[in-house]
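Residue numbers (this note's numbering), protein chains in the order written: chain X, 363 to 615; chain R, 199 to 532.
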């Protein structure tokens, strides 16, 4: 569904990602793991247009999307979250979601100024879709609260909701459970599974090995910007290169 | 989705009524002139609020676009074009100039955008003072004709010679501007502007074309500035380079900051309150500026959303205290 083809990213002198190829298959949960600085977030930034690859290409359903601006990538049905929870923290919960739905609507200047039929219909759809997403996230009763009133976990869930509200084909999650305690992590894991059941393909970056082993269908392991292993969790877990690089020689993490 | 409480609506109604009957109880022409000017400044500052307050892009060229509107109306009406055509045409020219200026400058961020727009403002001010054939140089343009009477079927026509007529003209355009801004700001379109202000990378990644969003906001803001400038030229009857100067920009900015950034009533409150305070402090002479400097610092530190933001904060505290009292008495009675 989404194909990364020999992508390389150089930051003067430093090679962050080197000749990386992998594919995200429709309907799966793919995890990208690797030690700190392995280039995982850079890969997401390259896919979503935040960064432009030095070489290589990115395709979505055979369409070349290499180097498109992030807002164009979003309208190709690829949504993402950021490593540090990124929200519109001056606005209400519901507003956060409606902004992310805007590109699906025709709510531009003229329609808004003249309150046309299109405006009324689209604004209502956006509100309805935002409320549905809040129900799905379990945040419906918080819809009119401001972001600082939410807990850390609720903020993480909302960040996933912002990515989900426009019904993307692929959801890229950058450390969705970073900084959360185990019970909260379990709840987010459950949410990600429900996202997949809804028919959205998921690709996530994670550090928590136990969580990944239980959740992912396939794992891509990066180290120093290169892919060192790829496969189902059981195979990756016992791969000597992975144990060497990522687990520092221990498998029980 | 975006409704206001009933007492706020009532307050607005009272203010509107007071504004409609103002010519009846303010007979002093000097004060009347100040009020009419405040209406114009309120229009211009509301436009500035859209780009600075709502979209978060610190445009310091607002006075220049105000000036484009003012000179546009002055030049066109002197050339014999009717005011009713010259006004929208001037506002459109200001908007188009905004598009041309915005295309390169909005690619810069933060303080760089402020600097480039300030430069445009200063350049335009210099041009206004030196392009004598078009603008009359430092003397400006005098004797701008008043707008022609508005024909009304079955009634005759409404003449626009009196000061009161000018007041209602300005009031009408202020209400129109506020109505348009109300629709634009309290909508998903408005949310996308705030999204750019709040978190540009996130807005980009959720499908908002941030550059076009900023550009649209800048163009609308400058259209409004041009409109206010055009009205100014017609009401004052003369324009000089100071109408296009950067001091104009900073006046608007002070109205905006003290009145209330990113709130719809803020610019109106600022544009009325500051000239009134200025009048009351007349006896202080130039020392007034010291007072305003101190006021500005205090407001920015303690009330980042100005007078209106301060009032809202106060209102929230009163409501919270009332609710606490109710819940306490509830517990006591149990």
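Idealized CB from N, CA, C, for every residue including glycine.
At a CB-CB cut-off below 8 Å, which residues of chain R make contact with residue 467 of chain X? Chain-order list of chain R residues neighbouring residue 467 of chain X: 386, by C-beta distance under 8 Å.
With DSSP collapsed to three states, give me the class of residue 355 of chain R. Assignment of residue 355 of chain R by DSSP, reduced to helix, strand and coil, places it in the strand class.
Nearest-angstrom Cβ-Cβ length linking residue 450 of chain X and residue 469 of chain X, presumed shorter than 8 Å: Rounded, the Cβ-Cβ distance is 16 Å, inconsistent with contact.
Which of helix, strand or coil DSSP assigns to residue 381 of chain X: Residue 381 of chain X: strand per DSSP, three-state reduction.
What do you reckon, are the CB atoms on residue 411 of chain X and residue 431 of chain X nearer than 8 Å? Going by C-beta atoms, residue 411 of chain X is nearer than 8 Å to residue 431 of chain X.
What are the complete beta strand (DSSP E) segments, minimum 3 residues, inside the region 453 to 523 of chain R? As far as the region 453 to 523 of chain R is concerned, it has no whole beta strand (DSSP E) run of at least 3 residues.
Starting from residue 244 of chain R, trace the alpha helix (DSSP H) in both directions and tell me its first and last residue. First-last of the alpha helix (DSSP H) with residue 244 of chain R: 227 to 246.
Between residue 415 of chain X and the ligand ATP, is there a pair consisting of the residue's CB and a ligand heavy atom that are separated by less than 7 Å? Among the components of this structure there are no ligands whatsoever, and the ligand ATP is therefore not found.
Helix, strand or coil for residue 367 of chain X per DSSP? It is a strand residue.
Spell out whether any CB of chain X is found under 8 Å from the CB atom of residue 331 of chain R. Residue-level contact check: residue 331 of chain R does not touch chain X, since none of the beta carbons of chain X fall below 8 Å from its beta carbon.
Do we get a CB-CB distance below 8 Å when we pair residue 204 of chain R with the residues of chain X? By this cut-off, residue 204 of chain R is not an interface position.
Below 7 Å on C-beta distance, what does residue 436 of chain X contact in chain R? Those are 403, 404 and 405, listed as they occur along chain R.
Contacting positions in the region 375 to 400 of chain R - beta carbon closer than 9 Å to chain X: Going along the region 375 to 400 of chain R in chain order, one finds 378, 381, 382, 385, 386, 387, 388, 389, 390, 392, 393, 395, 396, 397, 399 and 400 with a Cβ nearer than 9 Å to chain X.
Nearest candidate by alpha-carbon position, reference residue 537 of chain X, set X:436, X:530, X:515 and X:528: The shortest Cα separation from residue 537 of chain X among X:436, X:530, X:515 and X:528 belongs to X:515.
Is it buried or exposed for residue 457 of chain X, if we count other Cβ within 10 angstroms and need 16 for buried? Buried is the label assigned to residue 457 of chain X, since at least 16 other Cβ atoms lie within 10 Å of its Cβ.
Using the rule of at least 16 other Cβ atoms within 10 Å of the residue's Cβ for burial, across every protein chain shown, is residue 482 of chain R buried or exposed? With fewer than 16 other Cβ atoms within 10 Å, it is exposed.
According to DSSP, simplified to helix, strand and coil, what is residue 599 of chain X? Here residue 599 of chain X sits in helix by DSSP.
If distances are taken between C-alpha atoms only, which option among R:527, R:506 and R:446 comes closest to residue 323 of chain R? Here the closest residue by C-alpha is R:446.
If you check the beta carbons only, do residue 264 of chain R and residue 442 of chain R fall under 8 Å apart? The Cβ atoms of residue 264 of chain R and residue 442 of chain R sit closer than 8 Å to each other.
In chain R, which residues lie less than 7 Å from residue 442 of chain X when you measure between Cβ atoms? Among the residues of chain R, those whose CB is under 7 Å from the CB of residue 442 of chain X are 403, following chain order.
Comparing C-alpha positions only, which one of R:429, R:460 and R:456 sits nearest to residue 272 of chain R? Among R:429, R:460 and R:456, the Cα nearest to that of residue 272 of chain R is on R:429.
Please work out which residues of its chain come closer than 8 Å, Cβ to Cβ, to residue 368 of chain X, disregarding the five sequence neighbours upstream and downstream, and give them in chain order. These residues qualify, in order along the chain: 381, 382, 383, 417, 418 and 419.
For residue 444 of chain R, is the classification buried or exposed, using 16 other Cβ atoms within 10 angstroms of its Cβ as the cut-off for buried? Residue environment analysis places residue 444 of chain R among the buried positions, since at least 16 neighbouring C-beta atoms fall within 10 angstroms of its C-beta.
Is there a Cβ from chain X that is less than 8 Å from the Cβ of residue 466 of chain R? No, residue 466 of chain R lies away from the interface with chain X (no Cβ there is under 8 Å from its Cβ).
Under 9 Å (Cβ pairs) to chain R, residues found in the region 452 to 482 of chain X: Of all residues in the region 452 to 482 of chain X, those with a C-beta nearer than 9 Å to a C-beta of chain R are 452, 453, 456, 457, 458, 460, 461, 462, 463, 464, 465, 466, 467, 469, 470, 471, 473, 474, 475, 476, 477 and 481, reading in chain order.
What number of angstroms, rounded off, separates the C-alpha of residue 252 of chain R from the C-alpha of residue 471 of chain X? Cα to Cα, residue 252 of chain R sits roughly 15 Å from residue 471 of chain X.
Suppose contacts are defined by Cβ-Cβ distances below 8 Å. Is residue 563 of chain X in contact with residue 390 of chain X by that definition? Cβ distance < 8 Å, so residue 563 of chain X and residue 390 of chain X count as in contact.
Mind checking if residue 414 of chain R is an interface residue toward chain X, Cβ cutoff 8 Å exclusive? Output row for residue 414 of chain R: interface = yes.
Element boundaries [beta strand (DSSP E), containing residue 580 of chain X]: Membership of residue 580 of chain X in the beta strand (DSSP E) is indicated by the continuous run 580 to 585.
Using DSSP bridges, identify the partner residues of residue 593 of chain X. Answer is X:581, bridged to residue 593 of chain X.
Should the region 477 to 493 of chain X be called in touch with the region 573 to 581 of chain X, which here means at least 3 C-beta pairs below 8 Å? No, the region 477 to 493 of chain X does not touch the region 573 to 581 of chain X.
What does the Cβ neighbour count give for residue 486 of chain X, buried or exposed, with the cut at 16 atoms within 10 Å? Counting Cβ neighbours within 10 Å, residue 486 of chain X comes out exposed, since fewer than 16 surround it.
Would you give the residue range spanned by the alpha helix (DSSP H) that residue 404 of chain X belongs to? Residue 404 of chain X: member of the alpha helix (DSSP H) spanning 402 to 409, first to last residue.
Out of R:304, R:475 and R:214, point me to the one whose CA is closest to residue 590 of chain R's CA. Past the boundaries of the shown model lies residue 590 of chain R; chain R is included only from 199 to 532, so the question cannot be answered.
Closest to residue 241 of chain R by CA distance: which of R:514, R:315, R:338 and R:376 is it? Comparing Cα-Cα distances from residue 241 of chain R to each of R:514, R:315, R:338 and R:376, the minimum goes to R:376.
Is residue 520 of chain X near residue 557 of chain X, with beta carbons less than 8 Å apart? Contact check for residue 520 of chain X against residue 557 of chain X fails: the beta carbons are separated by 8 Å or more.
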